[in-house]
Structures are given as C-alpha cells and as structure tokens.
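J.:
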Amino acid sequence: MREYLRIFTNRRLWLGFGIILVFNMFFFWQAQKDGNYGMNLSANFSDSADLSFGLNGEIIDQTMDADPVRCHRIYRNLLRKYQSMDTLTAQAELEQMKQELGLLTEIYIIVQNQDQYYYEDQYEKYRLKYAPYIKKFQQGIWTREDVKSLTVAVDALLAQLSYLNGYEEYLDGIRENKDRLLAFSVFNDTDGFSGRNIIRTAGDFEKLAGISLSLGADGAVNAFLDFPLTDYLLLLTLIMVCLSFLEEREKGLWCIVHAAPSGRIRLAALRTGILFCVSAGASILLYGSDLYMGLAIYGGGIGLGRAAQSVELLGKLPQVCTVGGFLAQYFMMRIVSAFVLAMLLWLLLSAVHDVKLTIAVLAFFLSVEYVLYRFLPVQNLFGILKYFNIFTYIHLSDLYTNYLNADLFGYPAGIRRISQAALLPLGLACVVWCAVLSCIQKPAGGKSGLVRLAWLWNSVKDRMLRRLGLFGMEFYKLLFLQRGIVTAALFVYAALGLTFAVPVQDSTMPMVLTREYLMQWEGELNEETQKQIASVQKEIDMAADDLKRAQRQYDSGEIDYTQLDGCIRENEAAGIKQQALQRVQSRVNELQILSAEKGEKLWLLDESAYESIYGEAAGEQRQRAALVGLLAVILLLAGCFAYETKSGMNRVARTAVNGRGKWVLTKLSMALLVTTAVWGLIYGREVYTMINTCRTGTLRAPVQSLAMLTDFPVPCSIGTFLMLLYGYRWLMLVCSAFLVLCLSFRMKRMESAYLAGVGVLLPSLLYHYIGIVPFRFLSLSVPVTAMDLLLPGNGSVRGACAAGGLMMVVGIGSLCLMRKTVSCGNRSEK
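Heads up: take any position in the sequence shown, counting from 1, add 15, and you land on our numbering.
(1) R264: which of S365, G303 and S164 sits nearest, CA to CA?
(2) Does A283 have its Cβ less than 8 angstroms from a Cβ in chain B?
(3) Taking just the CA atoms, how far does T577 sit from Q45?
(4) Of the choices F424, M802, V799 and C655, whose alpha-carbon is the least far from that of M833?
(5) Throw me the rounded Cβ distance for the Y141 and I122 pair, which I believe falls under 8 angstroms.
(6) Which value, in whole angstroms, describes the spacing of the CA atoms of T632 and E626?
(7) What residues match up with P717 in a beta bridge as DSSP calls it?
(8) Expressed to the nearest angstrom, what Euclidean distance is found between the alpha-carbon atoms of E18 and V447?
(9) For the pair the stretch 506-516 and the stretch 636-647, tell me if three or more CB-CB distances fall below 8 angstroms.
(10) Can you tell me which of K151, E139 and V326 puts its alpha carbon nearest to the alpha carbon of S227?
(11) Just the C-alpha distance for V517 and I697, rounded to the nearest angstrom, thanks.
(12) Grab the span of the alpha helix (DSSP H) containing L423 for me, first residue to last.
(13) What is the residue span of the alpha helix (DSSP H) that P147 lies within?
(14) Which value, in whole angstroms, describes the spacing of the CA atoms of G309 and S412?
(15) Quick one: give me the first and last residue of the alpha helix (DSSP H) that Y782 is part of.
(16) Under three-state DSSP, which class holds G484?
(17) Taking just the CA atoms, how far does L423 sit from I430?
(18) Using a 10 Å radius around the Cβ and a threshold of 16 neighbouring Cβ atoms, would you call L471 buried or exposed?
(19) Below 8 angstroms CB to CB, which residues in the same chain sit around G72 once its five sequence neighbours on both sides are set aside?
(20) How would you call W678, buried or exposed, if buried means at least 16 neighbouring beta carbons within 10 angstroms?
(21) When burial is assigned at 16 or more other CB atoms within 10 Å of the CB, is E701 buried or exposed?
(22) Please identify the residue among T711, V376 and V797 whose C-alpha is closest to the C-alpha of S811.
(23) Report the three-state DSSP secondary structure of A801 (helix, strand or coil).
(24) In terms of alpha-carbon separation, which member of F208, E384, N420 and P392 lies closest to F406?
(25) I'd like to know whether the C-beta atoms of V799 and M747 end up nearer to each other than 8 angstroms.
(26) Which whole runs of the alpha helix (DSSP H) in the stretch 568-619 are 4 residues long or more, in chain order?
(27) My output table needs one value for G538: the three-state DSSP class, helix, strand or coil.
(28) Could you give the residue range of the beta strand (DSSP E) that holds G318?
(29) Does the structure place the stretch 818-835 close enough to the stretch 733-741 that three or more beta carbon pairs sit under 8 angstroms?
(30) Does DSSP put V427 in a helix, a strand or coil?
(31) Taking the straight line between their C-alpha atoms, what separation do you get for L579 and A589?
(32) Round the Cβ separation of I555 and V599 to the nearest angstrom and send it over; I've been treating them as touching at under 8 angstroms.
(33) Can G316 and A238 be called in contact, C-beta distance under 8 angstroms?
(34) Going by C-alpha to C-alpha distance, which of L119, C816, K563 and R211 sits closest to K144?
(35) Excluding sequence positions up to five away, which residues of its chain have a Cβ less than 8 angstroms from the Cβ of L290?
(36) Taking the Cβ atom as the reference point for each residue, do G820 and L804 lie within a distance shorter than 8 angstroms?
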C-alpha cells in the first residue's frame, strides 16, 4: 500500500494533473467559441417569398447583437419550440420561415437605399404591400442583425432536420448501392474482399432499418466527440504516472527495491492497480469535464433516450443503441483503452535500463506509431498497422464516427470490432509481460546495445563540450539539460501559426471605391488632390444631368426604355461614386484641419491596411502573439537558476573565480539572446505581414496621418514610429525575462520555478480570455502588445510611458535583487 500512498500523495502529480484539467477545460471552451458554437455565420439570405409571419419576441431578444452567442440562443429557443413537433412538419415550417427571412433582407436593402433612383419604384411597390414591416425597419424595431441572427439559427436547425428526415433515404441508398455494385463483374465475386465488403456493409446497416430518429440538442455530444486535445492530455497524464515509477532508478535505489521481498511481482501488481485507477479517474475527469461543459454551453436537453443515430456525427455507427447507451459504452471503452495504453507505456519505459534513454525511446515509438496511423493508406497490405495502433486507442472517437472495413486476409473486418476485440488480449499480454519483466530484469545486468551506443555518443559529446566556453555551456544546459529545445520547437510551431492581420471587410461598393480613391490619390495633401476630387465630382454631376435629360427625352418619346435604363444604371454608379467621394472629402477636410494645428503637411492614406495590423480590430491577434512570446520566454528561462539550485551548483559556482560576476552576466546575456530570438521570430513575421499588406512608400508619411494615431505627440514618420514600437516591445519582453530570472533565482526546484513563471502570466490570461478588467493593470501582455496602450479609447501615450516605466522598474529591481543574492547568498540555501 505504500506504493499507492507514494503515487496518490505525490503533490507534483496532483499539481500536473490539475493544470492539465484546467488547460483542457479552458481550451474546450475556447474551441467552442472559435467554432461559433456550431453556428454557420455565412447563412444564405437570398431566398424570398410572401411575408406571412411576424418576428416572435420570444425567439428574438432585441437587446442582443448578431453574434454567435446570440445566434445559438435563438437556435435553442427554436429547438424548444420544434422539438416536440413531427420532423417533417418542423422542416416545412422552417423552410417557409427561411424564405420569408430572405424577403425581409430584400426589404431592408430597399428601405436603406430608397433615395437612390434605381430603388424608387421597388420601394413604392413594397411600401404598399409590406407597409407594417417597412415601418418597423424605419423605426429601428427590426434591424439587419435581427434578421441575420434568426436566419443563422434557422439554417442550423434546418440542417439538423434535413439529416433526420433523410436518414431513411441514406439507408435505402446503401441497400441500392449493394445491388447496383454487385451487378458489375468487378465486384460480383463474393469470394473476394470487394464483394464481401459490399455485402458486409449492407448487412451492418440493415440492422438500422426502421429506426426512429428524433430532434434534440446535439451540440454537447458533437463537441465531446470532436475535441482531440483531451486525447493527448490523457496520454500525457499516463506518461507522467509511468515516469514516476522510474524514480527509484533515478535515485539509485533500483537494486534495493529489486532485492526486497515485495519489490518484484507484488510491486508490479500494485502498479498495475495504480495504472487502472489512474486510467479510470483521468478518463472520467477529463472526458466528463468535456461533456459537462458541453451541456453547460449547448444545453442539457440532449435526449439520452434518443437513438444514437439522431446525432449526425454518429450516423455511421451500425449499432442500435440510445445516446445514453452510447455514452456509457464510450466511457467504458475509454477507461479500458487508457489502461491498455498505460500498461504499454510502462512496459516500454521499464524495458530500457538507462533512464535518460527512456524519453528518447518513447518519443521514437510514438513517432513511428503516429506516422503509420496518419500516413498509411486505408486499403493497403499493411493497413492493419494503421488501426491496430496506439493512436487508434488515443483517438477512440474515430471508431464511432467513421465506418470502415479493413482487409483481414481477404475478409472485411470493421475497425471498431477489431479494436474492441483486441483490447482484452492486448491488455492481458501487457500485464503479464510487465510482471515477467519486473521479475527477470536485473538492475546490474549486462549493458544492451542501446546503452553501449549511448555511451559512445556521450564520449563524443563530452569531447565537443570541452571546447565550448562558458556561454556555450550555459546555452547547452538551457537547450538540452533543461529540455529547452522541446519548448523552442513548440514555440516555433506556434509562432508560425500566428496571424497578425484581420481581413479588410469591404462590405459595400462605396467602401470598395473609397479604398480605390485613397490608394489612387495617396500622398501629401496639396492642390492636386483637390483637383482630382473636383474632376470626379464633375463626372458625377454630368451623370445626374444626363439622367434628367434622358428622362425628359423618354417622356417625349425620343428614346426608348432601354436607353433610359442605361442612363439610370450610370446614375446609380455615379451615386456610389458620390458616397465614396464624400467619405474621401470628409477625411481630406479632417487632415487639412490637423495639418494647420500641427504645423506639418499630412498625407492622405488608405489606412485600412495599417488598421488591419495595428488597429483595434487586430487586438486579439496581438494579444495571442504577446502571450505566445511571454510563455516561450517563461518556459525557456524559468529553470535557468533553479536548475543550478536543484543540482547544488549555486554555492559551488559562487566560490569559483568567475562565479559571482561573469557567470551571472553570462546567464543574463543568454537570457537577452533568447528574448531577442523570441521577439525577432514573432514580430519579424508581423513586419513581414506589414510589408506585404501596406505600401512601403507610405512609411515616409507622418504618423499623425493615421486616424488611430492622430494624437501621437512625437512628430515622426510611420516608419520611425514602427521602429519605436518594436523597440518598446523588445524592452518590455526583456523586463519580463529579468522578472522570470529573479523568480528562478529564488526557487529550489524547477517545477516551482515553472509554476511561478506561469503564475506571472495568469493575470494576462484572466484579463484577455475571462475579461476581468482589474487584471489589466497586472498583465504583462498589455505593455508587450503596446498598441493597446496607444489606441484611442484604450489608453494614451502617457499611459504607455507609465506602463513602460513600471516595467523597467520591475526589470531593474529584479537585476538588483539577483545581484544582492549573488553577493550575499540566499537564506533559503543556508
């Protein structure tokens, strides 16, 4: 029982699993948010029909905006209304509602453009027929957002009903497909795999004939099955526990444990029980939290008594069961498969004598298995290796959401049946093998070929390390001894996936034309700009005069309607130009006033390119980039001094000749290099995005030419401002790095140092993702993003200087504290 106590009272394991659980719940919620809660926001608004219904106040809440949360709330209201109704009747009503929503969209467009000549006749026609609805649009009782939100919700429910009502037809198609394919000579050989597979597929789905499907809230089940991060976090939990079994080897106690009366078969039996308990507990907590959060987000009315095939994601499951029965079966399979994975991992780790090689062997094994699972073709001679694979049991949901028969010696075998049938013998084999290995494996046994190869590599590596100086050795410790290379690889992968610009949304033709004018007339404001504006205005006036003349000629019978229609269309185009020109003229007037106030000539610019990267709309992208950079700096530097304390080298280093000054200075230099590399990779990509998005010639323009930086007090060009901006960001990252080093200096263990470093980042996460505003003042990511402190409404230059000064105080204070600790020692070490 002491082994149970050792594992289940291990604070590091509990802390690690707690972080994993919180991490899983947070990113599950974030995934649902990024997926718009299952709502397709690109709904089709083109269908129209006679309007025969009013917007139901119980369905649409006028206080909400047209966002995914609002659309999903409307969807849930609609679902409650139609859930008890026959699915065919519900689909017919919703299709009619969708057509009427399309007409409402058309009415809205006509109302908004009623002053334009082209819409005048249509407005008069619609005004007589749909007067009550036009009045509600004009009074603002209904808005475009109301119609859009309801349309998105109706589309989501229609897609669900279309699947339910078409499922019987889908089953009929499988039966018809069987008869049609067997009629071909290529497939009619029932002694071959193709013929047997066709018959087997039809036979499997024959059991579902006549099944009754019903409408329900499928979002929780869909999110539960379609979140693969939990699978990897469960694998990480199992690896953590299996690695804890190797602690006696790390501490040199393997010989004593192996020689003890209960150090072999009994210890193996206890650890088998521990792995089963961990597999069951971790599976229930991780996947249970996913299901619980899914129910909280999407509503609890999933209908456990419905047929499992009522959920579209389970439509290819050839098994008659309810949603509740499926969930119970899934959790049982999840626990058993996790236990088999844990036993396999323990077997693999314990088979290697050298503890340092276990991680490398495990990484190689998982890489090979993933390559086979990911890239091996389905119908292949070695296709069985794709599904009889550790990642098949990691991604267990694929067995239920996909139907596939593998070629097993000419006979079709369902991958789900193969995987389920293999669990019991595979689990027994792993248990027996682990027990036998714990009995026969000798701690002082002869060295294996792998150990000899590692010894040869270490001897070569030692010769290379002798040639490294102090800086090179510190860099080697950071990358390899502290496993910084893994963090660096993950950081590069994350940084390459970052986006720094939001798409420029030109939703109307006037906006598109406004951008064209701005790019065409880009440059310093002068008389030429006014001449170009006057030239376009003259063309617009001529189009209006031509329309009036054509109208008189048409009334007198001199021209036909075709010619008049051409003039009408030209006038409509001129009206669009007029709207665009008014926006440009308004901006020109603002710039002229600002030029007079500031005493310098400003430029007329297409500001949308800069807004897409540095504006308020790109705030989320900047926050994500800053958090990735800060997390990389924390994970790379948090163990820098804690590693020395853990290994007992702090006191030894301080007694050396260069152990108080040069050694610490070298670590600080390395921290500066690491921080600069992180800063360069992230913001180098942002600069690359800026160069490819903005016209580089505009970098010479005064920065006050941008509306978002009109109040910037320093007279400089946009290029100079960007240099100051990126220099400020580098300085803020460096101050954050010094703070992390100071925390590392005070910690005795690397785990505590990493935890303290992540704790520094916690206010940033609470502010940006949870929205707790007071944590803004403790957030490190706010000064690193910098622009959030400068944009109107969010801050000012004075606020940016204050935040920068405070961060410099923190950085310099951290350096002073480290210097004092180096000179006087740390009381915790005495």
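For each residue, glycine too, the CB sits at the ideal point set by N, CA and C.
All values reported here derive from a predicted model rather than from experimental measurement.
T.: On the basis of the supplied data:
(1) S365
(2) As a matter of chain content, chain B is missing from the structure shown, which is built from one protein chain.
(3) 56 angstroms
(4) C655
(5) 6 angstroms
(6) For the record, residue 632 in the displayed sequence is Ala; it is not Thr. Using only the alpha carbons, I get a separation of about 7 angstroms.
(7) S732
(8) 20 angstroms
(9) yes
(10) V326
(11) 16 angstroms
(12) Here L423 belongs to no alpha helix (DSSP H); instead the beta strand (DSSP E) covers N420 to L423.
(13) A146 to Q153
(14) 16 angstroms
(15) That residue, Y782, is in no alpha helix (DSSP H); it is neither H nor E in DSSP.
(16) coil
(17) 10 angstroms
(18) exposed
(19) Because G72 carries a pLDDT of 39, less than 50, the predicted location of this residue cannot be relied on, and the following value inherits that uncertainty. Same-chain partners within the cutoff: there are none.
(20) buried
(21) buried
(22) V797
(23) coil
(24) E384
(25) yes
(26) 576-613
(27) strand
(28) No beta strand (DSSP E) contains G318, which DSSP labels as neither H nor E.
(29) no
(30) The amino acid at residue 427 is misidentified as Val; the sequence shows Pro. P427: strand per DSSP, three-state reduction.
(31) 15 angstroms
(32) About 12 angstroms; that fails the 8 angstroms criterion.
(33) no
(34) L119
(35) L253, V256, C257, F354, A357, M358 and W361
(36) no
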